[in-house]
Amino acid sequence: MTQSDPDQTPDIDPTTTPEVTPQPEPAQPQPVDPVPPQPRELPVAPPVEEPQPTIQPELPPEPGHDPNP
8 MTQSDPDQTP DIDPTTTPEV TPQPEPAQPQ PVDPVPPQPR ELPVAPPVEE
58 PQPTIQPELP PEPGHDPNP
C-alpha cells in the first residue's frame, strides 16, 4: 500500500464533517449550600442549680429583744 495511491480511500475522509448526534443535557445538580442554615444561637444560660439555703450564722439575740414573746 502506498500513501499516494488515489484508489485507496482513507479511513477518515477529511472532506466530510461527522454527524453530531444531539445528546440530551445531563441533569443539572442542585446547588448545595456550602453551610447548612443553623438555628439562631440563643444565649447560653448557666445550668440551673438547686438553690442552696443561705446559712445564717448564729447571732446572739440583740439586747432588749425577747426571742420568746
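Residue numbers (the numbering used here): 8 to 76. Quick reminder that beta carbons are idealized off the backbone N, C-alpha and C, glycines included.
Taking 7 Å as the cut-off, is the C-beta of Pro33 nearer than that to any heavy atom in the ligand NAD?
With respect to the ligand NAD, the structure offers nothing, as it holds no ligand at all.
How long is the line joining the alpha carbons of Thr61 and Pro67, rounded to whole angstroms?
Taking the straight line from one Cα to the other gives about 18 Å.
Pull up the distance between the alpha-carbon of Glu65 and that of Pro54, whole angstroms please.
Between Glu65 and Pro54, the C-alpha separation is close to 31 Å.
So, with DSSP's three-state summary, where would you put Thr9?
With a pLDDT of 48 at Thr9, under the threshold of 50, the predicted position of this residue should be treated as unreliable, though the coordinate-derived value follows. Here Thr9 sits in coil by DSSP.
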